[in-house]
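Okay, so here's the structure we're looking at.
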Amino acid sequence: MLLLLLLLLLLLLLLLLLPLLLLLLLLLLLLLLLQLLLLLLLLLLLLLLLLLLLLLLLLLLLLLLLLLLLLLLLLLLLLMLLLLLLLQLLLLLLLQLLILLLLLLLLLLLQLLLLLLLRCYCCCCYCCCCYCCYCCCCCYCCYKMPLFLLKLEKLL
1 MLLLLLLLLL LLLLLLLLPL LLLLLLLLLL LLLLQLLLLL LLLLLLLLLL LLLLLLLLLL
61 LLLLLLLLLL LLLLLLLLLM LLLLLLLQLL LLLLLQLLIL LLLLLLLLLL QLLLLLLLRC
121 YCCCCYCCCC YCCYCCCCCY CCYKMPLFLL KLEKLL
């Protein structure tokens with residue numbers, strides 16, 4: 001009988017403790033769910049952070065690419081400026097060469113004109129040869145004298 005009473009008491013205690021156990025189990029389950037939720041939130045936050053980092057890296061890469069493009073453009077402009085400078089130098093050299101050629105031509109023309117002016121002519125007779133500066137006939141009046149000096153002498 002005592003055993004039965006003890007059993008009954010134990011059963012009653014079990015019945016009283018069962019809701020408490022259920023409540024504790026429920027609380028434990030709730031804590032587990034909360035922990036899972038926090039873990040999910042943490043994972044989501046980590047994923048978001050990774051995405052943000054990736055976006056930042058992509059932006060940095062784009063900026064670097066833009067900077068490289070700008071540098072290439074600057075180098076191209078510098079090269080074009082250098083080419084223009086070389087072309088200008090070449091044109092200046094060509095102009096100097098042309099001026100030199102013109103001066104040479106002018107000098108040649110002047111020399112030709114002097115050769116034409118300083119030819120030998122006769123003073124009185126027409127039998128003398130104009131190119132060889134000696135008389136081919138009997139008169140001795142032929143001598144070497146430039147034409148403009150001869151005309152000047154005749155005028156005086």
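Position 20 (the sequence shown) corresponds to 20 in full-length UniProt numbering; numbering is contiguous. C-beta atoms are modelled at their ideal positions from N, C-alpha and C, and glycine is treated no differently.
For MET80, the three-state secondary structure derived from DSSP is helix. Pairing LEU32 with LEU68, the inter-Cα distance amounts to about 53 Å.
Restricting attention to beta strand (DSSP E) runs no shorter than 3 residues, the stretch 25-93 encloses none.
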